[in-house]
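Line by line, the protein sequences give chains V and D.
All the letters of the first sequence, read from the start, carry residue numbers 392 to 533 under this note's numbering.
All the letters of the second sequence, read from the start, carry residue numbers 392 to 533 under this note's numbering.
Notes for the one structure printed next.
2 protein chains.
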Amino acid sequence: MSAETPHRPPLRTGMARSLLREIAERLEALARTGEASAIDLRSLPMTAGDRKELKEALGSGDVAATLDVAGRSEVWETRFAGVWWLRHFGDGDHIASEVIEIARVPDILSAHPDDMRASLKRLNEDLAAAEEPPATEETGNG
Amino acid sequence: MSAETPHRPPLRTGMARSLLREIAERLEALARTGEASAIDLRSLPMTAGDRKELKEALGSGDVAATLDVAGRSEVWETRFAGVWWLRHFGDGDHIASEVIEIARVPDILSAHPDDMRASLKRLNEDLAAAEEPPATEETGNG
Chain V
392 MSAETPHRPP LRTGMARSLL REIAERLEAL ARTGEASAID LRSLPMTAGD
442 RKELKEALGS GDVAATLDVA GRSEVWETRF AGVWWLRHFG DGDHIASEVI
492 EIARVPDILS AHPDDMRASL KRLNEDLAAA EEPPATEETG NG
Chain D
392 MSAETPHRPP LRTGMARSLL REIAERLEAL ARTGEASAID LRSLPMTAGD
442 RKELKEALGS GDVAATLDVA GRSEVWETRF AGVWWLRHFG DGDHIASEVI
492 EIARVPDILS AHPDDMRASL KRLNEDLAAA EEPPATEETG NG
């Protein structure tokens, strides 16, 4: 029977509460002026316990999305409309970054104008190709 | 041994090609003016074969989302940026409606200002409640 390490409650520093106040301010700015913003959790001195506390406080709401753009990402709206959690995965499914975005919808879910123009070009090419008559073989007869 | 019904290829009427041309026009308008639009597939005379043809032509891209707002919905960006497929489910997981939305991001993924304001109120109430000192019991002693 292996020795069990005692269960240590995760260390919480108060960062989560502080961030929730920050998020409230930014949500107020968003609602008032339309200004979106983001908080990169990697840039902050947060413990695993702080991140867990924040994630539980924010919860989840109606929308969840997955993306595959430069690696896999998961995005979900928290239980606070306009407050989104973005989690980007690196190789081997480790969490490479976590960002709280305060916006009507995260930028990353929105199509970029350049991409839309490239898509339009492709779609028109597909349509043109579908409308060409089948190629006839030249056999030299008649 | 039961009699097998012969496999009938799904009936296709040309609606899919016609819709792809319509989608190309709307994508051009979106790219040029920012104007978004939607095509309700239920309102059109499409066979199951047409829908299958359209779905295969549009394919899927980088973003997929699920929502739970008045029933379950699945939303995915097609392989054409700005062209989204929205599938709403009714009771028992039957497909209640399908809509092609031509937009940078579907409206339904975007937080509504009223919801953001309600969320801000809740968040501020949660923060205020967390900052109240613990209630002391009045026991009549000292």
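The beta-carbon is built from N, C-alpha and C at its ideal position, and this holds for glycine as well.
- Leaving aside the five residues that flank L432(D) on each side, the residues in its chain whose CB is nearer than 6 Å to its CB run, in chain order, E489.
- Under the Cβ criterion of 7 Å, V490(D) is not counted among the residues facing chain V.
- Assignment of alpha helix (DSSP H) within the region 419-470 of chain D, counting only whole runs of 4 or more residues, yields 439-449 in chain order.
- Of the candidates G425(D), T457(D) and R470(D), R470(D) places its Cα closest to the Cα of K446(D).
- Here the alpha carbon of D506(V) sits roughly 33 Å from the alpha carbon of G450(V).
- When DSSP states are grouped into helix, strand and coil, R399(V) belongs to the coil group.
- Around I486(D), the same chain offers R478, H479 and F480 as residues with beta carbons nearer than 8 Å, after the five sequence neighbours per side are excluded.
- Under the DSSP assignment, R495(D) falls outside any alpha helix (DSSP H); it carries neither an H nor an E label.
- Nearest Cα to G462(D) within the set L518(D), G483(D) and A519(D): G483(D).
- Counting only residues of its own chain and dropping the five nearest sequence neighbours on each side, E426(D) has a CB closer than 7 Å to the CB of A420.
- Residues of chain D whose Cβ lies closer than 8 Å to the Cβ of L418(V) are, in chain order, M507, S510, L511 and L514.
- Nearest neighbour of V474(V) by Cα position, chosen from P401(V), L514(V) and L410(V), turns out to be L410(V).
- The beta-carbon of D498(V) is placed no less than 7 Å from the nearest beta-carbon of chain D.
- Taking a Cβ-Cβ cut-off of 8 Å, the neighbours of A472(V) in chain D comprise A502, H503, D506, M507, A509 and S510, given in sequence order.
- The beta carbon of V460(V) lies closer than 8 Å to those of I499 in the same chain, with the five residues before and after it left out.
- For L458(D), the nearest CB of chain V lies under 7 Å from its own CB, placing it at the interface with that chain.
- The beta carbon of A439(V) lies closer than 7 Å to those of P401 in the same chain, with the five residues before and after it left out.
- Interface flag for L411(D) against chain V is set, since a Cβ pair is found closer than 7 Å.
- If you check the CB distance, A415(V) and D441(V) do not come in under 7 Å.
- Each of W476(D), G452(D), T457(D) and P504(D) was checked against the Cα of I491(D), and the nearest Cα belongs to W476(D).
- Judged by beta-carbon spacing, E465(V) lies beyond the 7 Å limit of G452(V), meaning their Cβ atoms are not closer than that value.
- Counting only Cβ-Cβ distances below 9 Å, L518(V) has contacts in chain D at R408, L411, R412 and A415, in chain order.
- Ranked by Cα distance from R403(D), the first of A455(D), E413(D), P436(D) and L511(D) is P436(D).
- Cβ neighbours of I430(V) within its own chain (closer than 6 Å, five residues either side excluded): I491.
- At least one C-beta of chain D is nearer than 7 Å to the C-beta of R495(V).
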